[in-house]
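**Q** The structure is given below, and queries will be raised subsequently.
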Amino acid sequence: MERRRWLPVDLGARRVFINQPAFTATYYEPGTEPLSMRVVVGKKSNQTNFFYDKIRLVEYNPYWGVPYSIIVNEMLPKLAQDPSYLDRAGYEVTTVSGQQVSSSSVDWYAVASKQQSINVRQYPGSSNALGQVKIMFPNKHHIYMHDTPSKSLFKKDVRAFSHGCIRLQDPKAMAAAVLGKSKDYVTGRINQGQNAQEDVTGDIPVYISYFSAWPNDDGTISYFDDIY
Numbered sequence: 000m001e002r003r004r005w006l007p008v009d010l011g012a013r014r015v016f017i018n019q020p021a022f023t024a025t026y027y028e029p030g031t032e033p034l035s036m037r038v039v040v041g042k043k044s045n046q047t048n049f050f051y052d053k054i055r056l057v058e059y060n061p062y063w064g065v066p067y068s069i070i071v072n073e074m075l076p077k078l079a080q081d082p083s084y085l086d087r088a089g090y091e092v093t094t095v096s097g098q099q100v101s102s103s104s105v106d107w108y109a110v111a112s113k114q115q116s117i118n119v120r121q122y123p124g125s126s127n128a129l130g131q132v133k134i135m136f137p138n139k140h141h142i143y144m145h146d147t148p149s150k151s152l153f154k155k156d157v158r159a160f161s162h163g164c165i166r167l168q169d170p171k172a173m174a175a176a177v178l179g180k181s182k183d184y185v186t187g188r189i190n191q192g193q194n195a196q197e198d199v200t201g202d203i204p205v206y207i208s209y210f211s212a213w214p215n216d217d218g219t220i221s222y223f224d225d226i227y
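Counted from 1, the sequence shown has number 219 at position 220 by numbering that gives the first Met the number 0; the numbering is strictly sequential.
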């Protein structure tokens, strides 16, 4: 009940409601059946925040800007064995001024100790960590909804595996819903193969919530394990 008090009384006619313990994201719009799907949320060491914001845009064939923590904790061991790893694995490495450099030319231990700054991003493509589409609502937590190449995780009952962002089981359907377009339209934009963005019109709030008990539309209550 305390967590419910953190949200507006009126959640809005059109909205996306994500309940982390239920591992679900649901889009609501008057006159239509809710669109609900499985999601992957942050693991216990990278918990997804509780907040709400407004959906602003959809990005097709997104780049993935690799966070500093992932560079240091997950990529540095691979770079220690193979300094050219990022060049071969489909990543772009640039200096703060935007100059592209080879990953083998970077002093990664200076990057890890914050003596040197470097930017790493993954090119769009089938192996991109964000998949084919990304739904953004800019916020201080750097959390957004996105596709993923790791589809097998949606088969699991407990789906806390991400670094904090929300991975969607059917991202094309969610993108189509918030844009007010068809799923075929979204597929067509993706098939163009270009990185592009499209603004979301209208007022569509997204609630990244955390309720281990929540009322269903029929008045019954569903209970979920407290994953955090």
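Glycine included, each C-beta is placed from N, C-alpha and C at the ideal position.
Rounded to whole angstroms, what is the Cα-Cα separation between GLN19 and HIS140?
**A** 16 Å
**Q** Could you pull out every unbroken alpha helix (DSSP H) segment of at least 4 residues lying fully inside the stretch 27-114, listed in chain order?
**A** 75-80, 84-87, 107-111
**Q** Let me check one thing: in DSSP terms, what residues is ILE207 bridge-paired to?
**A** ILE17, PHE50
**Q** To the nearest angstrom, report how far apart CYS164 and SER104 are at their CA atoms.
**A** 31 Å
**Q** Is there a Cβ from chain C that is less than 7 Å from the Cβ of GLY179?
**A** Judged by its chain identifiers, the structure shown contains no chain C, having just a single protein chain.
**Q** With which residues is TYR227 paired in a DSSP beta bridge?
**A** According to DSSP, TYR227 bridges with nothing at all.
**Q** Does the distance from the CB of PHE22 to the CB of TYR206 come in under 7 Å?
**A** no
**Q** If we count Cβ pairs, one from each stretch, closer than 8 Å, do we get three or more for the stretch 96-110 versus the stretch 62-82?
**A** yes
**Q** Which runs of the beta strand (DSSP E) at least 3 residues long sit entirely within the stretch 160-212? Give them in chain order.
**A** The stretch 160-212 contains these whole beta strand (DSSP E) runs: 165-167, 195-198, 204-208.
**Q** Using a Cβ-Cβ cut-off of 8 Å (strictly less than) and excluding sequence neighbours within five positions of TRP5, which residues of its own chain qualify?
**A** PHE49
**Q** Given 8 Å as the limit, is there contact between the stretch 113-128 and the stretch 87-103, that is, 3 or more CB pairs closer than that?
**A** yes
**Q** Whole angstroms are fine: how far does the CA of PHE160 sit from the CA of SER44?
**A** 10 Å
**Q** For VAL65, collect the residues of the same chain with a Cβ closer than 8 Å to its Cβ; drop the 5 residues on either side in sequence, then sort them by chain order.
**A** MET74, TYR90, VAL119, ARG120, GLN121
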